[in-house]
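Protein sequence lines correspond, in order, to chains R and Y. All residue numbers for the first sequence refer to the working numbering, where the first residue is 4 and numbers rise by one. All residue numbers for the second sequence refer to the working numbering, where the first residue is 4 and numbers rise by one. Ideal Cβ positions, reconstructed from N, Cα and C, are used throughout, including at glycine. From a predicted model like this one, the values you see are computed outputs, not experimental measurements.
Number of protein chains: 2
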Amino acid sequence: MTSESSKKHPTPTRRISESTIHRLSVYYRQLAILESEGYHTVSSKELAKREKLTPAQVRKDLSFFGSFGTRGLGYPTTELKQKIANILGIDKLWHVALVGAGNIGSALASYKEFAKQGFELNSIFDNDQRKIGSNHKGITISDIGTLPEALKKHHIEIVVIAVPASNAQKIADICVATGIKAILNFAPINLKVPSDVVLRTVNMSMEMEYLSFYLCNRHNIDVPGKG
Amino acid sequence: MTSESSKKHPTPTRRISESTIHRLSVYYRQLAILESEGYHTVSSKELAKREKLTPAQVRKDLSFFGSFGTRGLGYPTTELKQKIANILGIDKLWHVALVGAGNIGSALASYKEFAKQGFELNSIFDNDQRKIGSNHKGITISDIGTLPEALKKHHIEIVVIAVPASNAQKIADICVATGIKAILNFAPINLKVPSDVVLRTVNMSMEMEYLSFYLCNRHNIDVPGKG
DNA sequence: TTTTAGTTGTGAATGAATTCACAGGAAAAA
DNA sequence: TTTTTCCTGTGAATTCATTCACAACTAAAA
Ligand SMILES: NC(=O)c1ccc[n+]([C@@H]2O[C@H](COP(=O)([O-])OP(=O)(O)OC[C@H]3O[C@@H](n4cnc5c(N)ncnc54)[C@H](O)[C@@H]3O)[C@@H](O)[C@H]2O)c1
Ligand SMILES: NC(=O)c1ccc[n+]([C@@H]2O[C@H](COP(=O)([O-])OP(=O)(O)OC[C@H]3O[C@@H](n4cnc5c(N)ncnc54)[C@H](O)[C@@H]3O)[C@@H](O)[C@H]2O)c1
């Protein structure tokens, strides 16, 4: 009997693995495809087949969040898609800010998929005087000095960091101090943030190194995740 | 007794987890930092502390590939860094081609880190007549029609796909048919490749969705990977 | 109505990854 | 030389994730 179980909260603290969360994203995309193909229901078997997973995995993942299916029939496509959107929180609008309007930052600012998923990028920051004040896809690039006040003013919940590695920690610290709880980092560095802030780092060099490792070792090592 | 064990190959087939490979990349970066800070040796304890891992994890990861340390002393910084570079295959030059010279493709073509790690991007392909023949960072953009012959001519081992999702499978198929064994994909789609081809997909929307999930569920769910 | 086929949801079993715990060895201090 | 301190390498134990297997239920056919 933990202190947690004495609370009347409807959903007690459970542990959901990172893999399960990523698979929810995968199911969401596949459900959109199934929906467009006209399927009203889909079985765990079919969903699993399309994503090279096991039906049990699909059912177990979903069961962590509730009972969405009908025995003998499967899951209602549109409803399940909506349920997953709700679980992932992509049925609402998120306010996103981008720091660093360089090569990768500019690409991200032009990325349409984000907006489609409800991630509204409406603030861009840089410290380069030549960029500050200029317009990028309809968004004016602001001075990095205004970051704290702007994060609050625009109710930013998620910050994307796309500055050189040497400046990334400094930006992260400002975000944390301003109350940001979610950061997506593209700088190849291990940022330090408090445990109540979620940080995801996309490190493309590490992905390349994984490929390189596989090419070198595929004959003597059984590498997972291939295929 | 498998057919493998009858070969005289020094390293029989073992299973190395994806996490272990990623951590090798992480150790490599941290060793470079330790080296620059003047450390000649480093203990699993120190390495673990800097990456928020356990010392046992560090030792176990390294032990899959050999015994690199000295009891009572630790690991020799420079030597271990070199050993890991060799395991990951980043002590050699890899020939990389990029398909899709759009927003993200252009950013990747300008990315200096790749070259530093031995990933030489020397071919770019597109199907847009306005882009073909133009120069990007000293590399002429080639017609996508010439992809198969160019991959062979330039001994390309790794292909980076940065085209719209609708065209990505087509490009992957051409690469596979030409004998490519490693693909880094940026299109948000589940590409199908044979089991002897290693595919890594960087899906930024999924990373955003992970952040969104965390923001919605951090009070009732114990989400891993935060901190 | 009864039977048959199909599918979920979930405890139990299995498998994989991580951590523990300590023998074995190296260096430094006594 | 002997003792103490420190740290690796690794089997065993543990924790975590996946898969199995089946009761419970639905819909459709007989
Ligand atoms: N280019 C790529 O394809 C790529 C790929 C993966 C990762 N990255 C990483 O993303 C980051 C950015 O890379 P890039 O190629 O876009 O570099 P870049 O130099 O083109 O862009 C960096 C931008 O950040 C701005 N900046 C620097 N310090 C700042 C600060 N303190 N506050 C606000 N803005 C600041 C600069 O003015 C510049 O506009 C780097 O950490 C890089 O390693 C880039
Ligand atoms: N822009 C981003 O920040 C970003 C982020 C994550 C993922 N992505 C993904 O990366 C891919 C590219 O995105 P983008 O924003 O750079 O798009 P883009 O439209 O700017 O670039 C796509 C490029 O691919 C070329 N192309 C299209 N079909 C081709 C073919 N069959 N052969 C060769 N070249 C072809 C186009 O001419 C264009 O130059 C998309 O799948 C997108 O979802 C983009």
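Residue-chain proximity (residue i, chain Y), Cβ-Cβ < 7 Å
{"i": "isoleucine 19(R)", "result": "yes"}
{"i": "alanine 35(R)", "result": "no"}
{"i": "glutamate 40(R)", "result": "no"}
{"i": "threonine 14(R)", "result": "In this prediction, threonine 14(R) scores a pLDDT of 43, lower than 50, which makes its location untrustworthy; the coordinate-derived value is nonetheless stated afterwards. Yes, threonine 14(R) lies at the interface with chain Y (some Cβ there is under 7 Å from its Cβ)."}
{"i": "phenylalanine 71(R)", "result": "no"}
{"i": "glycine 47(R)", "result": "The sequence shown places serine at residue 47(R), not glycine. By this cut-off, serine 47(R) is not an interface position."}
{"i": "histidine 25(R)", "result": "yes"}
{"i": "phenylalanine 297(R)", "result": "The structure shown does not extend to residue 297(R), since chain R spans only 4 to 230, so no value can be given for it."}
{"i": "serine 28(R)", "result": "yes"}
{"i": "glutamine 120(R)", "result": "yes"}
{"i": "alanine 110(R)", "result": "yes"}
{"i": "glycine 230(R)", "result": "Because glycine 230(R) sits at a pLDDT of 40, beneath the cut-off of 50, its placement in the model cannot be relied upon, and the following sentence gives the value as read from the coordinates. Yes, glycine 230(R) counts as interfacial toward chain Y."}
Through-space distance from residue j to residue i, alpha-carbon basis
{"i": "alanine 180(Y)", "j": "lysine 195(Y)", "result": "13 Å"}
{"i": "leucine 91(Y)", "j": "aspartate 176(R)", "result": "32 Å"}
{"i": "alanine 118(Y)", "j": "glutamate 40(Y)", "result": "24 Å"}
{"i": "alanine 153(Y)", "j": "alanine 59(R)", "result": "44 Å"}
{"i": "glycine 182(Y)", "j": "serine 215(R)", "result": "16 Å"}
{"i": "asparagine 89(R)", "j": "isoleucine 36(Y)", "result": "42 Å"}
{"i": "cysteine 219(Y)", "j": "asparagine 138(Y)", "result": "45 Å"}
{"i": "threonine 57(R)", "j": "glutamine 132(R)", "result": "53 Å"}
{"i": "lysine 115(Y)", "j": "lysine 140(R)", "result": "25 Å"}
{"i": "valine 245(Y)", "j": "tryptophan 97(R)", "result": "Only positions 4 to 230 of chain Y appear in this structure, which leaves residue 245(Y) out of reach."}
{"i": "leucine 65(R)", "j": "threonine 23(R)", "result": "9 Å"}
{"i": "arginine 17(R)", "j": "methionine 211(R)", "result": "34 Å"}
{"i": "arginine 62(Y)", "j": "leucine 27(Y)", "result": "11 Å"}
{"i": "asparagine 172(Y)", "j": "tyrosine 217(Y)", "result": "Here residue 172(Y) is glutamine; the residue named in the question, asparagine, does not match the sequence. Taking the straight line joining both Cα atoms gives about 32 Å."}
{"i": "serine 113(R)", "j": "serine 47(Y)", "result": "43 Å"}
{"i": "lysine 155(R)", "j": "lysine 95(R)", "result": "19 Å"}
{"i": "glutamate 21(R)", "j": "threonine 149(R)", "result": "34 Å"}
{"i": "cysteine 178(Y)", "j": "lysine 52(Y)", "result": "42 Å"}
7 Å Cβ cutoff, residue i in contact with chain R
{"i": "asparagine 106(Y)", "result": "yes"}
{"i": "isoleucine 161(Y)", "result": "yes"}
{"i": "tyrosine 213(Y)", "result": "yes"}
{"i": "glutamate 116(Y)", "result": "yes"}
{"i": "isoleucine 93(Y)", "result": "yes"}
{"i": "valine 102(Y)", "result": "no"}
{"i": "isoleucine 224(Y)", "result": "yes"}
{"i": "serine 137(Y)", "result": "no"}
{"i": "valine 166(Y)", "result": "no"}
{"i": "cysteine 178(Y)", "result": "no"}
{"i": "serine 9(Y)", "result": "For serine 9(Y), the pLDDT reaches just 33, beneath the cut-off of 50, and the residue's location in the model is therefore unreliable, although a value from the coordinates is still provided. Chain R contact via Cβ: absent."}
{"i": "arginine 203(Y)", "result": "yes"}
{"i": "glutamate 210(Y)", "result": "yes"}
{"i": "serine 113(Y)", "result": "yes"}
{"i": "leucine 56(Y)", "result": "no"}
Within 7 Å, strictly: CB atoms of residue i and residue j
{"i": "valine 99(Y)", "j": "phenylalanine 122(Y)", "result": "yes"}
{"i": "leucine 101(R)", "j": "isoleucine 127(R)", "result": "yes"}
{"i": "threonine 80(R)", "j": "histidine 25(R)", "result": "no"}
{"i": "isoleucine 147(R)", "j": "asparagine 170(R)", "result": "no"}
{"i": "isoleucine 161(Y)", "j": "alanine 185(Y)", "result": "yes"}
{"i": "glutamine 120(Y)", "j": "serine 208(R)", "result": "yes"}
{"i": "arginine 203(R)", "j": "tyrosine 213(Y)", "result": "yes"}
Contact belief for residue i with residue j at Cβ below 8 Å, rounded distance in angstroms
{"i": "tyrosine 78(Y)", "j": "glycine 72(Y)", "result": "4 Å"}
{"i": "isoleucine 224(Y)", "j": "isoleucine 19(R)", "result": "5 Å"}
{"i": "alanine 165(Y)", "j": "glycine 105(Y)", "result": "7 Å"}
{"i": "lysine 84(R)", "j": "glutamate 38(R)", "result": "6 Å"}
{"i": "alanine 110(R)", "j": "isoleucine 107(Y)", "result": "5 Å"}
{"i": "glutamate 49(R)", "j": "valine 29(R)", "result": "Not confirmed; about 14 Å, so no contact."}
{"i": "asparagine 188(R)", "j": "histidine 157(R)", "result": "With 8 Å as the limit, asparagine 188(R) and histidine 157(R) do not qualify as a contact, their Cβ atoms being about 20 Å apart."}
{"i": "valine 226(R)", "j": "valine 201(Y)", "result": "7 Å"}
Quiz item: Looking at chain R, which residues of the region 179–190 of chain Y have a Cβ within less than 7 Å of any of its Cβ atoms?
Solution: Lys184, Ala185 and Leu187
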